[in-house]
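Structure first, then comments.
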Amino acid sequence: QQPVQSPQAVILREGEDAVINCSSSKALYSVHWYRQKHGEAPVFLMILLKGGEQKGHDKISASFNEKKQQSSLYLTASQLSYSGTYFCGTERKNRDDKIIFGKGTRLHILP
Amino acid sequence: NAGVTQTPKFQVLKTGQSMTLQCAQDMNHNSMYWYRQDPGMGLRLIYYSASEGTTDKGEVPNGYNVSRLNKREFSLRLESAAPSQTSVYFCASSLNRFSGNTIYFGEGSWLTVV
Numbered sequence: 003q004q005p006v007q008s009p010q011a012v013i014l015r016e017g018e019d020a021v022i023n024c025s026s027s028k029a030l031y032s033v034h035w036y037r038q039k040h041g042e043a044p045v046f047l048m049i050l051l052k053g054g055e056q057k058g059h060d061k062i063s064a065s066f067n068e069k070k071q072q073s074s075l076y077l078t079a080s081q082l083s084y085s086g087t088y089f090c091g092t093e094r095k096n097r098d099d100k101i102i103f104g105k106g107t108r109l110h111i112l113p
Numbered sequence: 011n012a013g014v015t016q017t018p019k020f021q022v023l024k025t026g027q028s029m030t031l032q033c034a035q036d037m038n039h040n041s042m043y044w045y046r047q048d049p050g051m052g053l054r055l056i057y058y059s060a061s062e063g064t065t066d067k068g069e070v071p072n073g074y075n076v077s078r079l080n081k082r083e084f085s086l087r088l089e090s091a092a093p094s095q096t097s098v099y100f101c102a103s104s105l106n107r108f109s110g111n112t113i114y115f116g117e118g119s120w121l122t123v124v
């Protein structure tokens, strides 16, 4: 039931782009994206509610393919501050209010 | 606003001891959650409460009990702690059960069972 994230870890140089994928075996109602810095609580990035919806702010955006039950997070021209672990959280279409998170993708940005 | 407040922040327990993690939110949210985080496992849902007076099991409920004391407070109890329960525990809340709303996390509680 836990969504599957890929890759597990990414190392980039500042200015490079990254894509983090999240897929589920169940039909989804929503996908949440969070970033967590070491020793801190996860922080909200964005929620996608509709199939095909794309959202973004600054140079971080995401898409949601409802038919494929997949979401992708795009980080463009990465900055040092983007380092951390990214989690996707999914809620199923049965709206049982459970928000289940993937195991996370560790992103490390080198100067 | 304080947001989601958890106590204690750090705790060491001996195997077999019991303890309660307290959580309170001041955002008038209806839904509250308890997650545990272990290296390589991500955030796993222990229990959640969609509204005052209701609680439901998540992915890993064994060894835990919860109480939704009122709309603000949602506590997590370990009746007989085991070393496998060594983890970081996060309480979280969101506006309502129909999701589409941001989940706000507390700062975490580091629990070690020896």
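Residue numbers (this note's numbering), protein chains in the order written: chain A, 3 to 113; chain B, 11 to 124. Built from N, CA and C at the ideal position, the CB exists for glycine as well. A quick note: this is a predicted structure, and the numbers were derived from the prediction, not measured.
Item                                                                                                                                                             : Value
Among Trp35(A), Gly91(A), Glu18(A), Gln10(A), which residue has its Cα nearest to the Cα of Leu82(A)?                                                            : Glu18(A)
In whole angstroms, what is the alpha-carbon distance linking Ala102(B) and Ile56(B)?                                                                            : 11 Å
State the Cα-Cα distance for the pair Phe48(B) and Arg54(B), rounded to the nearest angstrom.                                                                    : Inspection of the sequence shows that residue 48(B) is occupied by Asp rather than by Phe. Looking at the two C-alpha atoms, the distance is approximately 8 Å.
In chain B, what lies closer than 9 Å to Gln3(A) by C-beta?                                                                                                      : Glu69
Along the chain, where does the beta strand (DSSP E) that runs through Val124(B) open and close?                                                                 : Counting along the chain, Val124(B) falls outside any beta strand (DSSP E), and DSSP gives it neither H nor E.
Answer yes or no: does any C-beta atom of chain A fall closer than 7 Å to that of Leu53(B)?                                                                      : yes
Mind checking the region 21–40 of chain A against chain B and listing, in chain order, the residues whose C-beta falls within less than 9 Å of any C-beta there? : Tyr31, Ser32, His34, Tyr36, Gln38
Runs of 3 residues minimum, wholly inside the region 19–79 of chain A: which ones carry the beta strand (DSSP E) assignment?                                     : 20–25, 30–38, 45–50, 56–59, 62–67, 72–77
Helix, strand or coil: how does DSSP classify Leu112(A) here?                                                                                                    : strand
What residues from chain B crowd round Ala43(A), counting only those whose CB sits closer than 7 Å?                                                              : Phe100, Phe115, Gly116, Glu117, Gly118
Out of Lys69(A), Tyr76(A), Gln71(A), point me to the one whose CA is closest to Arg37(A)'s CA.                                                                   : Tyr76(A)
How many angstroms separate the CA atom of Ser104(B) from the CA atom of Gly41(A)?                                                                               : 22 Å
Near Pro18(B), what residues of its chain come up, given a Cβ to Cβ distance below 7 Å and the 5 sequence neighbours on each side ignored?                       : Ser119
Could you name the residues of chain B that Ile46(A) contacts, counting a contact when the two beta carbons are closer than 9 Å?                                 : According to the sequence provided, residue 46(A) is Phe. The question's Ile does not apply to it. Simply Thr112, Ile113, Tyr114, Phe115.
Considering Cα atoms alone, identify which of Tyr58(B), Lys81(B), Arg82(B) is closest to Asn75(B).                                                               : Tyr58(B)
In whole angstroms, give me the CA-to-CA distance for Val12(A) and Cys90(A).                                                                                     : 16 Å
Check the DSSP bridge columns for Ser41(B) and list the partner residues they point to.                                                                          : Ser104(B)
Give a yes or no on whether 7 Å exceeds the smallest Cβ distance from Gly86(A) to chain B.                                                                       : no
Have a look at Gly68(B), Lys67(B), Val98(B), Gly116(B) and flag the residue whose alpha-carbon is nearest the alpha-carbon of Thr122(B).                         : Val98(B)
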